[in-house]
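Undergrad: Got a structure for you, written out below as structure tokens; questions coming shortly.
Written out as structure tokens, the structure is:
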């Protein structure tokens with residue numbers, strides 16, 4: 026049973042129940058929907074289809090965030106190295122100009138900085154400013170096309186964190202009780218809190234995943250992690266905003282920081298990209314997935330491979346096999362955080378005690394009765410070598426734990442009596458068939474129904490818990 030989770034992106038072009046079932050049966054844990062390529066009215070039908078396949082599949086949507094693109098370009102424009110190119114975000118500027126979608130673009134960039142279009146295919150250097158127009162020089166022959174990405178490495182854009190389209194999708198996500206919002210181009214804590222404020226207004230427990238895609242996000246990752254529920258190492262734009270040779274070490278740093286804070290971390294972009302066209306991945310891609318597993322990521326993500334590729338099911342199956350092989354041989358390679366308490370207070374110490382007990386005794390599993398999922402996430406932060414089972418009566422919590430390393434979440438009844446809850450827990454786990462009645466487990470639970478957090482760490486066999 027793999028510990029690292031798989032996210033698969035699906036599109037409105039291929040989102041039928043049989044397709045989603047095939048992805049799920051081959052190892053997918055979470056469905057991702059990119060709102061940049063869909064309308065809010067399309068969301069409900071896809072969500073209903075996913076939930077008809079399994080009520081344990083998590084659903085994650087991406088927001089657009091403070092994203093800039095080329096616009097109003099009727100035809101592609103070919104440029105040659107050394108050519109002067111005028112760029113502006115001001116719709117009032119007339120003449121031969123490449124328009125971008127941020128009106129104050131010229132105010133936020135500096136002479137000497139590079140403007141990269143289309144994931145870096147087009148490279149312009151800013152030579153001078155003339156009001157809201159940037160006078161640039163082409164660094165190489167290229168073609169500028171409409172609706173392509175715009176990046177300026179090391180520039181701090183003053184754009185608002187949320188677009189109106191983002192807000193519409195967040196409101197729809199709240200109504201549909203989705204599980205995760207992955208917010209794009211997060212620069213700082215304030216960007217996370219802009220999403221959080223919308224969720225809190227509706228008292229929504231949707232979790233926020235901050236996508237780290239630029240230097241500002243990397244520099245502010247500690248405060249971002251404090252505000253968010255997790256991060257995504259979004260290596261596509263990150264490798265444009267930052268020299269690509271720096272991305273591997275940054276990936277390791279971001280994953281380790283997330284583990285130490287007990288937050289979820291996703292590694293994403295181009296993991297098996299060649300499988301969009303080919304039945305087998307490159308050996309470099311296989312190593313990339315394996316190294317993300319060795320780094321300790323909670324989840325790895327497929328994008329175009331499953332959204333538009335020729336071999337989506339094969340890509341998920343291949344990723345599962347790479348994960349299983351890597352985890353089986355990861356004893357000497359696998360990154361685990363230092364065995365210190367992730368957090369402060371009694372909750373953190375109870376989790377720490379449970380994980381240490383599991384390491385010192387012949388324990389087969391960590392088991393958490395959880396209302397919010399916090400105990401299971403706390404255990405997972407230590408990346409234990411044994412499985413974690415979480416039982417919750419909240420369907421959304423069960424789905425949210427589908428993204429957490431090593432956690433198998435199960436539905437259970439809402440039982441107030443602690444002893445009866447322990448019996449129900451043992452019964453569910455024995456029926457599942459992964460554990461036997463004489464297997465020793467560490468159970469995190471509470472000893473009185475009125476207590477809102479787990480305050481009990483019990484070491485017993487499932488047979489003893491069953492009574």
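Residue numbers (my numbering): 26 to 492.
In this text, a Cβ means the ideal position worked out from N, Cα and C, and glycines have one as well.
1. Among 483, 120, 79, which residue has its Cα nearest to the Cα of residue 378?
2. For residue 304, does the count of other Cβ atoms within 10 angstroms reach 16, so buried, or fall short, so exposed?
3. Starting from residue 59, trace the beta strand (DSSP E) both ways and give me its first and last residue.
4. Tell me whether residue 83 sits in a helix, a strand or coil according to DSSP, three-state version.
5. Cβ atoms of residue 259 and residue 241: under 7 Å apart, would you say?
6. Relative to the C-alpha of residue 372, which residue among 399, 347, 28 is closest?
7. Rounded to the nearest angstrom, how far is the Cβ of residue 149 from that of residue 105, given a contact under 8 Å?
8. Our contact map puts residue 168 next to residue 103 with C-beta atoms below 8 Å; I'd like the distance itself, whole angstroms only.
9. Helix, strand or coil: how does DSSP classify residue 481 here?
10. Quickly, what does DSSP pair residue 232 with across the bridge? List them, please.
11. Can you tell me whether residue 377 is helix, strand or coil according to DSSP?
12. Looking at the secondary structure, which residues open and close the alpha helix (DSSP H) in which residue 214 lies?
13. Just checking my contact of residue 95 with residue 134 at CB under 8 Å: how many whole Å lie between their CB atoms?
14. Nearest to residue 458 by alpha carbon, out of 192, 390, 479, 396?
15. Just checking, does the segment 392–407 make contact with the segment 45–52 on the three C-beta pairs under 8 Å criterion?
16. Ends of the beta strand (DSSP E) at residue 281?
17. Per DSSP, what kind of secondary structure is residue 419 in: helix, strand or coil?
18. What does the alpha-carbon distance come out to for the pair residue 296 and residue 327?
19. Does the distance from the C-beta atom of residue 280 to that of residue 315 stay below 7 Å?
20. Pull up the CB-CB distance for residue 491 and residue 387, whole angstroms please, since I reckon it's below 8 Å.
21. Just grab the DSSP bridge partners of residue 414 for me.
22. Relative to the C-alpha of residue 158, which candidate in 198, 110, 470 has its C-alpha closest?
23. Our contact map puts residue 128 next to residue 137 with C-beta atoms below 8 Å; I'd like the distance itself, whole angstroms only.
24. What separation, rounded to the nearest whole angstrom, lies between the Cα atoms of residue 173 and residue 117?
25. Suppose contacts are defined by Cβ-Cβ distances below 7 Å. Is residue 436 in contact with residue 423 by that definition?
26. Which partner residues of residue 426 appear in the DSSP bridge assignment?
27. Determine the extent of the alpha helix (DSSP H) in which residue 122 is found, giving its start and end residues.
28. Exposed or buried, residue 151, counting other C-beta atoms within 10 Å across all chains shown (16 or more means buried)?
29. Nearer than 6 Å: is that true of the beta carbon of residue 63 relative to any heavy atom of the ligand HEM?
30. With DSSP as the reference, please indicate the residues paired to residue 76 in a beta bridge.
31. The alpha helix (DSSP H) spanning residue 242 covers which residue range?
32. Could you tell me if residue 16 is buried or exposed, where buried requires 16 or more neighbouring beta carbons within 10 angstroms of its beta carbon?
33. If contacts are defined as beta-carbon pairs under 8 Å, then residue 163 and residue 107 qualify, I think. What distance do you get, rounded to the angstrom?
34. Below 8 Å, how does it come out for the segment 243–262 and the segment 223–230: are there three or more Cβ pairs, yes or no?
35. Can you tell me whether DSSP reads residue 108 as helix, strand or coil?
TA: On the basis of the supplied data:
1. In the chain shown, residue 378 corresponds to position 353, counting from 1. Of the listed residues, the one whose Cα sits closest to residue 378 is 483.
2. Sequence index remark: in the chain shown, residue 304 carries index 279 (1-based). It counts as exposed.
3. On the chain shown, position 34 is the one that residue 59 refers to. Taken as a continuous stretch (DSSP letters only), the beta strand (DSSP E) holding residue 59 covers 55–59.
4. Indexing the chain shown from 1 puts residue 83 at position 58. DSSP places residue 83 in strand when its eight states are reduced to three.
5. For this step, residue 241 is matched to residue 216 along the chain shown. For this step, residue 259 is matched to residue 234 along the chain shown. No.
6. Here residue 372 is taken as the residue at index 347 of the chain shown, counted from 1. Of 399, 347, 28, the residue nearest in Cα terms is 399.
7. The count along the chain shown starts at 1 and reaches residue 149 at position 124. The count along the chain shown starts at 1 and reaches residue 105 at position 80. Actually they do not touch by this definition, with Cβ atoms about 12 Å apart.
8. If you number the chain shown from 1, residue 168 lands on position 143. If you number the chain shown from 1, residue 103 lands on position 78. The pair is a contact, with the Cβ atoms about 5 Å apart (cut-off 8 Å).
9. The count along the chain shown starts at 1 and reaches residue 481 at position 456. Three-state result, residue 481: strand.
10. Counted from its first residue, the chain shown places residue 232 at position 207. Note: residue 232 sits in a beta bridge opposite 205.
11. Residue numbering aside, residue 377 sits at position 352 when the chain shown is read from its first letter. Of the three classes helix, strand and coil, the one that applies to residue 377 here is helix, per DSSP.
12. The residue you call residue 214 lines up with position 189 of the chain shown. Counting along the chain, the alpha helix (DSSP H) containing residue 214 begins and ends at 214–226.
13. Position 70 of the chain shown, counted from the start, is the residue given in the question as residue 95. Position 109 of the chain shown, counted from the start, is the residue given in the question as residue 134. So it is not a contact: roughly 15 Å between Cβ atoms.
14. Numbered from 1 along the chain shown, position 433 holds the residue referred to as residue 458. Ranking 192, 390, 479, 396 by Cα distance to residue 458 puts 390 first.
15. no
16. By one-based count along the chain shown, residue 281 stands at place 256. Residue 281 -> not in any beta strand (DSSP E); alpha helix (DSSP H) instead, spanning 272–285.
17. One-based indexing of the chain shown puts residue 419 at position 394. Correct three-state label for residue 419: coil.
18. One-based indexing of the chain shown puts residue 296 at position 271. One-based indexing of the chain shown puts residue 327 at position 302. If you take the alpha carbons of residue 296 and residue 327, they lie about 7 Å apart.
19. Counting from one through the chain shown, the residue named residue 280 turns up at place 255. Counting from one through the chain shown, the residue named residue 315 turns up at place 290. Cβ distance not < 7 Å, so residue 280 and residue 315 don't count as in contact.
20. Numbered from its first residue, the chain shown carries residue 491 at position 466. Numbered from its first residue, the chain shown carries residue 387 at position 362. About 19 Å separates the two Cβ atoms, so there is no contact after all.
21. By one-based count along the chain shown, residue 414 stands at place 389. DSSP lists 392, 433 as partners of residue 414.
22. As a working note, residue 158 is residue 133 in the chain shown. Nearest C-alpha to residue 158: 110.
23. Along the chain shown, read from residue 1 onward, the residue named residue 128 stands at position 103. Along the chain shown, read from residue 1 onward, the residue named residue 137 stands at position 112. With 8 Å as the limit, residue 128 and residue 137 do not qualify as a contact, their Cβ atoms being about 22 Å apart.
24. Indexing the chain shown from 1 puts residue 173 at position 148. Indexing the chain shown from 1 puts residue 117 at position 92. One C-alpha to the other measures close to 21 Å.
25. Looking up residue 436 in the chain shown gives position 411. Looking up residue 423 in the chain shown gives position 398. It is a contact, given that the beta carbons lie within the stated cut-off.
26. Your numbering for residue 426 matches position 401 in the chain shown. Residue 426 is not bridged to any residue.
27. Working through the chain shown from its first residue, we reach residue 122 at position 97. Per DSSP, residue 122 belongs to no alpha helix (DSSP H) and is neither H nor E.
28. Along the chain shown, read from residue 1 onward, the residue named residue 151 stands at position 126. With 16 or more Cβ atoms within 10 Å of its Cβ, residue 151 is classed as buried.
29. Inclusion of the ligand HEM in the displayed structure is not the case, the ligand content being empty and no account of it being possible.
30. Looking up residue 76 in the chain shown gives position 51. Answer is none; residue 76 lacks a bridge partner.
31. Here the question's residue 242 lines up with position 217 in the chain shown. Looking at the DSSP string, the run of the alpha helix (DSSP H) that includes residue 242 is 240–244.
32. Nothing can be reported for residue 16, as the shown portion of the chain is limited to 26 through 492.
33. Your numbering for residue 163 matches position 138 in the chain shown. Your numbering for residue 107 matches position 82 in the chain shown. Yes, residue 163 and residue 107 are in contact; Cβ-Cβ is about 6 Å, under 8 Å.
34. no
35. Working through the chain shown from its first residue, we reach residue 108 at position 83. Coil at residue 108, not helix or strand.
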